[in-house]
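In order, the protein sequences belong to chains A and B.
Its first residue numbered 2, the first sequence is counted upward by one per residue in my numbering.
Its first residue numbered 2, the second sequence is counted upward by one per residue in my numbering.
C-beta atoms are modelled at their ideal positions from N, C-alpha and C, and glycine is treated no differently.
Structure first, commentary second.
Protein chains: 2
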Amino acid sequence: MRTSLDCLPCIVRQAVDASRMVMADEPTVLKIMKIVFERLACLNLSATPPEIVREVHAVIRRELHDVDPFLSIKKKSTQRALDIAGSAKVAIESAGNPFAAAVAFSIAGNILDFGMRSEWNEALIAESFSKALECSLKFDDTALARFHDEIATADMVLVLGDNAGEAVFDRLLIEHFPRRKKVFYAVKSSPVINDATREDAVEASIAEVAEIIANGADIPGTMLGECSEEFLRIFHTADVVISKGQGNFETLNEAKRKIWFLFQVKCPVIAKHYAYSVGDWMILEKSRNDSGCTKPLR
Amino acid sequence: MRTSLDCLPCIVRQAVDASRMVMADEPTVLKIMKIVFERLACLNLSATPPEIVREVHAVIRRELHDVDPFLSIKKKSTQRALDIAGSAKVAIESAGNPFAAAVAFSIAGNILDFGMRSEWNEALIAESFSKALECSLKFDDTALARFHDEIATADMVLVLGDNAGEAVFDRLLIEHFPRRKKVFYAVKSSPVINDATREDAVEASIAEVAEIIANGADIPGTMLGECSEEFLRIFHTADVVISKGQGNFETLNEAKRKIWFLFQVKCPVIAKHYAYSVGDWMILEKSRNDSGCTKPLR
Chain A
2 MRTSLDCLPC IVRQAVDASR MVMADEPTVL KIMKIVFERL ACLNLSATPP EIVREVHAVI
62 RRELHDVDPF LSIKKKSTQR ALDIAGSAKV AIESAGNPFA AAVAFSIAGN ILDFGMRSEW
122 NEALIAESFS KALECSLKFD DTALARFHDE IATADMVLVL GDNAGEAVFD RLLIEHFPRR
182 KKVFYAVKSS PVINDATRED AVEASIAEVA EIIANGADIP GTMLGECSEE FLRIFHTADV
242 VISKGQGNFE TLNEAKRKIW FLFQVKCPVI AKHYAYSVGD WMILEKSRND SGCTKPLR
Chain B
2 MRTSLDCLPC IVRQAVDASR MVMADEPTVL KIMKIVFERL ACLNLSATPP EIVREVHAVI
62 RRELHDVDPF LSIKKKSTQR ALDIAGSAKV AIESAGNPFA AAVAFSIAGN ILDFGMRSEW
122 NEALIAESFS KALECSLKFD DTALARFHDE IATADMVLVL GDNAGEAVFD RLLIEHFPRR
182 KKVFYAVKSS PVINDATRED AVEASIAEVA EIIANGADIP GTMLGECSEE FLRIFHTADV
242 VISKGQGNFE TLNEAKRKIW FLFQVKCPVI AKHYAYSVGD WMILEKSRND SGCTKPLR
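Structure, rendered in structure tokens:
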């Protein structure tokens with residue numbers, strides 16, 4: 002999807018908040034913001050929001066002389082996720098529909114995102130996980146069965162990871178895939194915000210259930226034009242592609258292949274455009290030629 | 002007050018919303034935003050927020066080739082205010098403390114502001130006026146009596162106007178000043194957002210109760226360094242200065258004279274800095290050397 006004019010204040014807010022979250026002092030934040038404004042003066046609204054956000058975070062990294070300013074936040078997220086994972090696993094396995102519960106915890110994990118919301122909000126994190134089981138009961142049974150069956154008959158599944166920490170719950174989902182199969186878990190090739198890189202995915206024990214593959218880019222989403230040949234081969238040949246997070250949705254909702262999107266709706270622009278609500282948990286089935294994604298399983 | 006980094010997303014949002022409110026199409030809004038970003042790349046945080054907002058609106062006026070793009074919105078505001086004024090006058094005159102009620106309606110009128118909120122929200126406008134009498138009962142009696150007595154003993158009062166429409170209720174307040182006196186009503190010298198100019202003040206019948214004086218500037222606030230000599234002479238010699246609206250507060254809260262500020266708190270930066278809440282109705286007494294304005298009459 003292209004960037005909306007309504008994204009601009011939010012991108013500017015993210016730049017200020019992210020700079021502060023990674024401990025930049027006021028003069029440094031101001032310096033970062035001036036460069037960000039210079040870039041925005043050459044704005045092209047046909048770019049997706051994650052492409053613009055990538056530019057912002059490249060400025061933050063360069064000005065802070067830090068290739069991974071969110072490293073400690075990513076480690077804290079992964080640790081917090083690992084703390085929750087044990088009880089989540091028990092909850093999933095004792096649920097009426099363990100697959101639905103695993104899907105719900107994977108979406109719950111999407112709260113561990115510090116792009117849209119640049120602060121650690123423990124209450125919000127706790128709430129997201131506490132309502133996972135309840136949310137799993139609200140999924141549309143027919144569509145969920147279709148999602149399950151497509152994975153069941155697949156020989157190769159590609160999961161497009163999103164944030165560090167969230168990956169811990171994606172592992173639980175992969176563990177509850179029906180039938181053993183080849184699973185790839187795609188991560189960013191180099192750090193951007195708190196998106197999972199190979200190192201973060203390894204810390205989340207993804208390597209035990211899937212082959213980790215870097216997508217070739219540092220965009221907080223998946224722009225196919227910037228991905229590696231190796232990634233694209235897997236993306237186009239996988240029987241099922243599961244895309245986590247809003248950034249992947251924003252960059253892939255017009256892609257020419259079937260994709261299942263799992264994410265929490267975090268912004269009013271997306272909510273308004275697709276008639277969702279901020280905070281909605283989405284399981285979206287996008288067919289090959291569908292760019293609207295108008296079939297939420299709510 | 003200087004501009005906070007937290008003001009930046011809000012200034013960008015105001016620029017997008019204001020451009021749309023005055024009917025700019027998407028390519029024009031984008032063109033405006035690119036120029037706004039160019040200006041923000043040279044940002045100086047020692048400027049007050051209204052100085053930066055002035056720049057934004059100068060860009061909007063220039064790109065739209067329209068010296069007063071908010072003209073129709075100002076006329077609508079004044080008409081709406083005149084519609085309400087009759088019943089407001091009856092309510093003020095039958096109130097236990099008509100002066101307090103007149104102050105409250107003048108603050109209620111501050112809702113007719115399309116800088117911070119670039120949309121006509123009829124429900125919010127109706128709510129603001131419906132709660133005026135109730136709010137007047139909550140004012141601190143001692144401080145309100147001091148405000149009343151200072152006006153009572155003054156020979157010359159200067160009211161710094163804010164928005165068109167709001168001026169209609171400032172007229173009601175001036176009518177309820179104790180004892181006849183010379184009253185000046187300051188307006189902007191040329192259009193900026195929906196701030197009242199001489200023409201707007203005349204439409205609000207201000208000329209019948211006060212001498213209208215243009216302040217010499219087009220800033221949505223009062224930057225003394227940019228005001229005319231004539232205005233400054235009145236500002237410094239008036240026995241009482243009453244400042245309407247948050248923009249005047251942001252530009253005058255460190256001025257070296259006693260000022261009474263009447264406004265609705267419209268932004269979280271102001272609310273946080275002074276420990277108010279967004280939506281609070283403020284009557285602030287600032288002494289000559291006080292720049293904190295920490296004595297809200299709530």
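#1: Along the chain, where does the alpha helix (DSSP H) that runs through Ala133 of chain B open and close?
#2: Tell me the DSSP secondary structure of Leu46 of chain B in three-state form.
#3: Could you give the C-beta distance for Val193 of chain A and Pro221 of chain A, rounded to a whole number, given that I count them as a contact under 8 Å?
#4: CA-CA distance, Glu128 of chain A and Phe115 of chain A?
#5: What residues in its chain sit with their C-beta under 6 Å from that of Ser191 of chain B, if we drop five residues either side in the sequence?
#6: How long is the line joining the alpha carbons of Leu233 of chain A and Glu227 of chain B, rounded to whole angstroms?
#7: Taking only beta carbons into account, state which residues of the region 52–70 of chain A come closer than 9 Å to chain B, listed in chain order.
#8: Could you tell me whether the Cβ of Val279 of chain B comes closer than 8 Å to any Cβ of chain A?
#9: Measuring only the C-alpha atoms, how far is Ser78 of chain B from Met117 of chain B?
#10: Kindly indicate which residue of B:Glu120, B:Val184, B:Met283 has the alpha-carbon position closest to the one of Asn249 of chain B.
#11: Identify, in the order they occur along the chain, each residue of the same chain with its Cβ nearer than 6 Å to the Cβ of Met157 of chain A, setting aside the five sequence neighbours on each side.
#12: Do you know whose CA, among B:Ala101, B:Asp163, B:Cys136, B:Asn122, lies nearest His149 of chain B's CA?
#13: Tell me the rounded alpha-carbon separation between Pro28 of chain B and Asn45 of chain A.
#14: Under 9 Å between beta-carbons, which chain A residues line up against Glu27 of chain B? List them in chain order, please.
#15: Would the beta-carbon of Leu225 of chain B fall within 8 Å of that of Ala187 of chain B?
#16: Note down, in chain order, every chain A residue with its Cβ under 7 Å from the Cβ of Arg14 of chain B.
#17: Going along the chain, which residues of the region 237–256 of chain A sit with their C-beta nearer than 9 Å to a C-beta in chain B?
#18: Which one of A:Ser244, A:Val242, A:Ile243, A:Ile214 has the shortest CA to CA distance from Glu230 of chain A?
#19: DSSP state of Ser190 of chain A, grouped into three classes?
#20: Using only the alpha-carbon positions, how far apart do Ile12 of chain A and Val54 of chain A sit?
#21: So, helix, strand or coil for Ala59 of chain B, using DSSP?
#22: Starting from Ala155 of chain B, trace the beta strand (DSSP E) in both directions and tell me its first and last residue.
#23: What three-state label does DSSP hand Val266 of chain B in the structure shown?
#24: List the DSSP bridge partners of Leu215 of chain A.
#25: Would you verify that the beta carbon of Phe140 of chain A is, or is not, closer than 8 Å to some beta carbon of chain B?
#26: For the region 244–263 of chain B against the region 72–92 of chain B, do three or more pairs of beta-carbon atoms, one drawn from each stretch, fall closer than 8 Å, so that the two count as touching?
#27: Who does Val242 of chain B pair with in a DSSP beta bridge?
#28: With DSSP as the reference, please indicate the residues paired to Asn164 of chain B in a beta bridge.
#29: In angstroms with no decimal places, state the Cα-to-Cα distance between Glu151 of chain B and Val242 of chain B.
#30: On the criterion of 16 or more Cβ atoms from any shown chain inside 10 Å, does Asn195 of chain B qualify as buried, or is it exposed?
#31: Output needed for Val270 of chain A: all residues of its chain with C-beta closer than 7 Å, excluding positions within five of it in sequence on either side, in chain order.
#32: Among all the DSSP beta bridges, which residues are the ones paired with Lys273 of chain A?
#33: How would you list, in chain order, the residues of chain A whose beta-carbon sits under 7 Å from the beta-carbon of Ala42 of chain B?
#34: In chain E, which residues lie with their C-beta within 7 Å of the C-beta of Val30 of chain B?
#35: Going by DSSP, name the residue or residues bridged to Lys183 of chain B.
#36: Checking contacts by CB at 8 Å: is Val17 of chain A closer than that to chain B?
Answer, in terms of the structure:
#1: Counted from its first residue, the second sequence places residue 133 of chain B at position 132. Residues 133–137.
#2: As a first step, residue 46 of chain B must be located in the second sequence, where it is residue number 45. Reduced to three states, the DSSP call for Leu46 of chain B is coil.
#3: Translated into positions along the first sequence, residue 193 of chain A becomes position 192. Translated into positions along the first sequence, residue 221 of chain A becomes position 220. Val193 of chain A to Pro221 of chain A, Cβ: 5 Å. Contact.
#4: Looking up residue 128 of chain A in the first sequence gives position 127. Looking up residue 115 of chain A in the first sequence gives position 114. Cα to Cα, Glu128 of chain A sits roughly 16 Å from Phe115 of chain A.
#5: By one-based count along the second sequence, residue 191 of chain B stands at place 190. If we look at Ser191 of chain B and ignore the five residues flanking it on each side, its Cβ neighbours are Asp219.
#6: Locating residue 233 of chain A in the first sequence gives position 232, counting from the first residue. Locating residue 227 of chain B in the second sequence gives position 226, counting from the first residue. Using only the alpha carbons, I get a separation of about 60 Å.
#7: none
#8: Here residue 279 of chain B refers to the residue found at position 278 of the second sequence. With 8 Å as the cut-off, Val279 of chain B does not count as an interface residue toward chain A.
#9: As a position in the second sequence, residue 78 of chain B is number 77, starting the count at 1. As a position in the second sequence, residue 117 of chain B is number 116, starting the count at 1. Each residue's Cα considered, the two are about 15 Å apart.
#10: Start at 1 with the first residue of the second sequence, and residue 249 of chain B comes out as number 248. Selected option, being the one with the closest Cα: B:Met283.
#11: As a working mapping, residue 157 of chain A is identified with position 156 in the first sequence. So the qualifying residues of the chain are Lys183, Ala239, Asp240.
#12: Locating residue 149 of chain B in the second sequence gives position 148, where the first residue counts as 1. Of the listed residues, the one whose Cα sits closest to His149 of chain B is B:Ala101.
#13: Residue numbering aside, residue 28 of chain B sits at position 27 when the second sequence is read from its first letter. Residue numbering aside, residue 45 of chain A sits at position 44 when the first sequence is read from its first letter. So the alpha carbons of these two residues sit roughly 11 Å apart.
#14: Counting from 1 along the second sequence, the entry for residue 27 of chain B is found at position 26. Near Glu27 of chain B (Cβ distances below 9 Å), the residues of chain A are Leu6, Leu46.
#15: Position 224 of the second sequence, counting from 1, holds the residue named residue 225 of chain B. Position 186 of the second sequence, counting from 1, holds the residue named residue 187 of chain B. For Leu225 of chain B and Ala187 of chain B, no; Cβs fall outside 8 Å.
#16: As a working note, residue 14 of chain B is residue 13 in the second sequence. Residues of chain A passing the Cβ test: Pro10.
#17: none
#18: As a working note, residue 230 of chain A is residue 229 in the first sequence. The candidate whose alpha carbon is nearest that of Glu230 of chain A is A:Ile214.
#19: Locating residue 190 of chain A in the first sequence gives position 189, where the first residue counts as 1. Looking at Ser190 of chain A - three-state DSSP - the assignment turns out to be coil, as it is neither helix nor strand.
#20: By 1-based counting over the first sequence, the position of residue 12 of chain A is 11. By 1-based counting over the first sequence, the position of residue 54 of chain A is 53. Near 7 Å, if we compare the C-alpha coordinates of Val54 of chain A and Ile12 of chain A.
#21: Numbered from its first residue, the second sequence carries residue 59 of chain B at position 58. Helix, per DSSP.
#22: The residue labelled residue 155 of chain B in the question sits at position 154 within the second sequence. No beta strand (DSSP E) holds Ala155 of chain B; DSSP gives it neither H nor E.
#23: Position 265 of the second sequence holds residue 266 of chain B. Val266 of chain B: coil per DSSP, three-state reduction.
#24: By 1-based counting over the first sequence, the position of residue 215 of chain A is 214. Looking at the sequence shown, residue 215 of chain A is not Leu but Ala. In DSSP, Ala215 of chain A forms a bridge with A:Val188.
#25: Position 139 of the first sequence holds residue 140 of chain A. Taking Cβ atoms only, chain B never reaches closer than 8 Å to Phe140 of chain A, which makes this a no.
#26: no
#27: Along the second sequence, one-based indexing puts residue 242 of chain B at 241. Paired residues: B:Leu159.
#28: Within the second sequence, residue 164 of chain B is the residue found at index 163, counting from 1. In DSSP, Asn164 of chain B forms a bridge with B:Asp196.
#29: Walking along the second sequence from the start, residue 151 of chain B turns up at place 150. Walking along the second sequence from the start, residue 242 of chain B turns up at place 241. Cα-Cα distance, rounded: 10 Å.
#30: Against the second sequence, residue 195 of chain B aligns to sequence position 194. Asn195 of chain B comes out buried.
#31: Indexing the first sequence from 1 puts residue 270 of chain A at position 269. So the qualifying residues of the chain are Ser5, Asp7, Cys8.
#32: Working through the first sequence from its first residue, we reach residue 273 of chain A at position 272. Partner(s): none; Lys273 of chain A has no beta bridge.
#33: Position 41 of the second sequence, counting from 1, holds the residue named residue 42 of chain B. By Cβ distance, chain A contributes Lys35, Phe38, Glu39, Ala42.
#34: The structure shown contains no chain E; its protein chains are A and B.
#35: On the second sequence, residue 183 of chain B is found 182 positions in, with the first residue counted as 1. Note: Lys183 of chain B sits in a beta bridge opposite B:Met157.
#36: The count along the first sequence starts at 1 and reaches residue 17 of chain A at position 16. By this cut-off, Val17 of chain A is an interface position.
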